[in-house]
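Written below as structure tokens is the structure these notes are about.
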Amino acid sequence: MTLADHLAVLPILLPLAVAALTLLLDERRRRLKLALSIGTSVVLIAVAATLLVKAGASGAVAATYPLGNWPIPFGIVLVADRLSAIMVLVTAILTLFALIFASARWARAGVSFHTLVLVLLTGLNGAFLTGDLFNLFVFFEVLLAASYGLVLHGSGATRIRAGLHYVAINLAASSLFLIGVALIYGVTGTLSMADLAARIPAVAAEDRGLLNAGIAILGVAFLVKAGMWPLNLWIPGTYSAASAPVAAMFAIMTKVGIYAVYRLSLLALGPDGGASAGFGQTFLLVGGMLTIVFGSVGVLASHATPRLAGFAVTVSSGTLLAAAGVGTPAVTAGALFYLVVSTLTIGAFFLLAELVERARGGEEDVLAATAEPFDEDDEDGGPDSSAEGGLVIPATTAILGSAFAICAMLFAGLPPLSGFLAKFSMLSAMIGTEAPSVITAPTWTLVGILVVSSFAVLIAMVRTGISIFWVTMKDVQLKVRLVEIAPVTALLAIGVGLSVFGGEVQAYMEDTAAALHAPWGMIDAVLGAPVVGGGSVSP
Amino acid sequence: MELILAIGIGVLTASGVWLILRPRTFQVIIGLSLLSYAVNLFIFAMGRLRSNAAPILDSAVEGADYADPVPQALVLTAIVISFAMTALFLVVLLAARGATGTDHVDGREG
Numbered sequence: 000m001t002l003a004d005h006l007a008v009l010p011i012l013l014p015l016a017v018a019a020l021t022l023l024l025d026e027r028r029r030r031l032k033l034a035l036s037i038g039t040s041v042v043l044i045a046v047a048a049t050l051l052v053k054a055g056a057s058g059a060v061a062a063t064y065p066l067g068n069w070p071i072p073f074g075i076v077l078v079a080d081r082l083s084a085i086m087v088l089v090t091a092i093l094t095l096f097a098l099i100f101a102s103a104r105w106a107r108a109g110v111s112f113h114t115l116v117l118v119l120l121t122g123l124n125g126a127f128l129t130g131d132l133f134n135l136f137v138f139f140e141v142l143l144a145a146s147y148g149l150v151l152h153g154s155g156a157t158r159i160r161a162g163l164h165y166v167a168i169n170l171a172a173s174s175l176f177l178i179g180v181a182l183i184y185g186v187t188g189t190l191s192m193a194d195l196a197a198r199i200p201a202v203a204a205e206d207r208g209l210l211n212a213g214i215a216i217l218g219v220a221f222l223v224k225a226g227m228w229p230l231n232l233w234i235p236g237t238y239s240a241a242s243a244p245v246a247a248m249f250a251i252m253t254k255v256g257i258y259a260v261y262r263l264s265l266l267a268l269g270p271d272g273g274a275s276a277g278f279g280q281t282f283l284l285v286g287g288m289l290t291i292v293f294g295s296v297g298v299l300a301s302h303a304t305p306r307l308a309g310f311a312v313t314v315s316s317g318t319l320l321a322a323a324g325v326g327t328p329a330v331t332a333g334a335l336f337y338l339v340v341s342t343l344t345i346g347a348f349f350l351l352a353e354l355v356e357r358a359r360g361g362e363e364d365v366l367a368a369t370a371e372p373f374d375e376d377d378e379d380g381g382p383d384s385s386a387e388g389g390l391v392i393p394a395t396t397a398i399l400g401s402a403f404a405i406c407a408m409l410f411a412g413l414p415p416l417s418g419f420l421a422k423f424s425m426l427s428a429m430i431g432t433e434a435p436s437v438i439t440a441p442t443w444t445l446v447g448i449l450v451v452s453s454f455a456v457l458i459a460m461v462r463t464g465i466s467i468f469w470v471t472m473k474d475v476q477l478k479v480r481l482v483e484i485a486p487v488t489a490l491l492a493i494g495v496g497l498s499v500f501g502g503e504v505q506a507y508m509e510d511t512a513a514a515l516h517a518p519w520g521m522i523d524a525v526l527g528a529p530v531v532g533g534g535s536v537s538p
Numbered sequence: 000m001e002l003i004l005a006i007g008i009g010v011l012t013a014s015g016v017w018l019i020l021r022p023r024t025f026q027v028i029i030g031l032s033l034l035s036y037a038v039n040l041f042i043f044a045m046g047r048l049r050s051n052a053a054p055i056l057d058s059a060v061e062g063a064d065y066a067d068p069v070p071q072a073l074v075l076t077a078i079v080i081s082f083a084m085t086a087l088f089l090v091v092l093l094a095a096r097g098a099t100g101t102d103h104v105d106g107r108e109g
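Note that the protein sequences, when read in sequence, are chains A and B. Mapping to numbering that gives the first Met the number 0: the first sequence position 51 is 50, numbers consecutive. Mapping to numbering that gives the first Met the number 0: the second sequence position 83 is 82, numbers consecutive.
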């Protein structure tokens, strides 16, 4: 066994081990903790990039990793395919920049910040890599447990109130998750996703209703996380109450739900799914469209920038869910592109929102009150703890303003940036330049809603930008630290870079979508995967 | 046996859902606990109900005459997780009571 064989399990084990290590370190050794967690995310970016390249080269699956070396349908298996690799990479990038941003001040606003972020990373990577339904539940709980701590990070009545709602809703959703998994196990007798996909077509007709009920209940649990209307009323409040780096990390949290929906609906309910094929697709399409409408109205109605970002999350979720509802490979390819772009953009937007809100004079006193007790015996000392306002970077307003403009362009989908490429890819696939098929009324509706929602986002962003940069800035001296603006710039630079390499990215996404829509390659690869030592048990 | 278990799960779920929808945080936490009990029983029932079946499969056990161990393992995991989450929710609940001065879920009366 070389290290390369363990590539699939590294994204889970590494952050977990480092999280345990940071827990042992004294709370005051922040520099060391910061260095450890940033080092972890850099290594994870490298691991995810390797998986991405391997998955791109090897067809369906880059690596399977039977945990505990149990034979495949019985034990838990980790599966790293293209989609998992993409998600792990996006998570690692977002974490890296959120950590750098937090190092300026937020990491000091409460205890165990780095540990919680690393545990969240463990849960996220585990959820993206696992090939087992119940293991997915366990990793969901791991990431939720860390996120409960992170939502409350920085304390304050608003955060506690939002956190209370967040915890209650997710606990209820977890119960639904368990009911769904139990029903599916009761009918099919398996928890392995690949085995499940192979067994679903053969389920007896009298059990079909029970199976579909199980899938539907499981789907509701995912949709609570993904933020489909009307299960998403908690999102704007929680996301805008959370501290900026946490909210940026949470940009990927809704995508976990989206990932699960894409993964399971395409694996188990695809064209080969027997009588269950296409189950719930109409629901996803309609629900997604309603979510976009809800999000667009919310975006237009928001004045505070973090709240605007919170509604932007629901617009992004709605778009992805509706695209899942259309369910053709070409649309899925565009949706995956959009997923990457919108996650990174929203992450950057949450970070940026804090910077501009601070200039407007919100937030400041809340943070000052909570950061104070932790500042007293900072052994690091240095300029960090004394310079509350930070350096005045020349032309800060110009930098923030252009970052805001790029954010708006990426998210609203204006050419020539990657947001436009992703949306165009989805829309052209829906209208179907080459496909001879008749475009249905729901698809036309979705096209219209997508275009109008982009316009709504544009209006809201431009209005907010004008009120921040053209009105209030006249007599406000903007103070931003380099470590705070650098992550925002870097995230947006990735968004711009994705437009430069748009062709390559789009081609990779098309391969990913093709593999997702023809899951038999993956199912065979997983079920036929060898265990170490060559021992196999015939079922 | 099936009927009693089904009624038990039903009553627990109904009480749990009703309590979750109540305005006091303490009621919500009891509701979530009841709901998780119902879910645990439900998972257990998905392994089929049977008495006097062998728990571990070996050559001495005839055919399918054994109790399905997977749901039992799942229930064990689910119990631990829901226990930990309830404890965590309790802390948030107390923090909310301290920060807002009320035990209403929205942090204010009415």
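All C-beta atoms in this analysis are idealised placements derived from N, C-alpha and C, irrespective of residue type, glycine included.
- Where Leu-490/A is concerned, the enclosing alpha helix (DSSP H) starts and stops at 481-499.
- With a contact defined as Cβ atoms closer than 8 Å, Leu-66/A and Val-76/A qualify at about 7 Å.
- Closest option to Thr-318/A, judged by alpha-carbon separation, among Thr-157/A, Tyr-261/A and Trp-105/A: Tyr-261/A.
- Using a Cβ-Cβ cut-off of 7 Å, Phe-41/B is close to Ile-178 and Ala-181 of chain A, given in chain order.
- Any Cβ of chain B closer than 8 Å to the Cβ of Leu-77/A would place that residue at the interface, and such an atom is absent.
- With a beta-carbon spacing of about 17 Å, Leu-40/B and Phe-133/A fall beyond the 8 Å limit used to define contacts.
- In this structure, the alpha-carbon of Leu-4/B lies about 37 Å from that of Thr-121/A.
- Between Ile-19/B and the set Pro-328/A, Leu-123/A, Ser-174/A and Ala-61/A, the nearest pair of CA atoms involves Ser-174/A.
- Listed along the chain, the chain B residues whose CB falls inside 9 Å of the CB of Ile-159/A are Val-91, Ala-94, Ala-95, Gly-97, Ala-98, Thr-99 and Gly-106.
- Phe-133, Val-137 and Glu-140: these are the residues of the region 117-143 of chain A whose beta carbon lies less than 7 Å from some beta carbon of chain B, given in chain order.
- For chain B, none of the residues of the region 238-272 of chain A brings a beta carbon within less than 7 Å of one of its beta carbons.
- Not a single CB atom of chain A sits nearer than 8 Å to the CB of Leu-4/B.
- Nearest CB-CB separation between Tyr-184/A and chain B: below the 8 Å threshold.
- Residue pairing from DSSP places Val-78/A in a beta bridge opposite Thr-63/A.
- Secondary structure of Arg-107/B (DSSP, three-state): coil.
- Closer than 8 Å to the CB of Val-223/A there is not a single CB belonging to chain B.
- Our two residues, Ala-204/A and Gly-46/B, have alpha carbons roughly 20 Å apart in a direct line.
- Within the model, the alpha-carbon separation for Glu-1/B versus Gly-208/A is close to 20 Å.
- For Trp-443/A, the enclosing alpha helix (DSSP H) covers residues 440-464.
- In the structure shown, Asp-131/A falls within a strand segment according to DSSP collapsed to helix, strand and coil.
- In the structure shown, the three-state DSSP call for Ser-191/A is strand.
- Within chain B, the C-beta atoms nearer than 7 Å to that of Ser-174/A come from Leu-34, Ser-35 and Val-38, in chain order.
- Scanning its chain for C-beta atoms nearer than 7 Å, with the 5 sequence neighbours on each side dropped, one finds around Val-504/A the residues Phe-336 and Leu-497, in chain order.
- Ala-246/A carries a helical assignment under DSSP once its states are collapsed to helix, strand and coil.
- Closer than 8 Å to the CB of Tyr-64/A there is not a single CB belonging to chain B.
- Along the region 1-28 of chain A, there is no position whose C-beta sits under 7 Å from a C-beta of chain B.
- Not a single C-beta of chain A is nearer than 8 Å to the C-beta of Met-0/B.
- The straight-line gap separating the alpha-carbon atoms of Pro-72/A and Val-52/A is approximately 27 Å.
- Below the 7 Å Cβ cutoff, chain A contributes Leu-177 as neighbours of Ala-77/B, in chain order.
- The distance from the Cβ of Ala-250/A to that of Leu-320/A is about 16 Å, inconsistent with a contact at the 8 Å cut-off.
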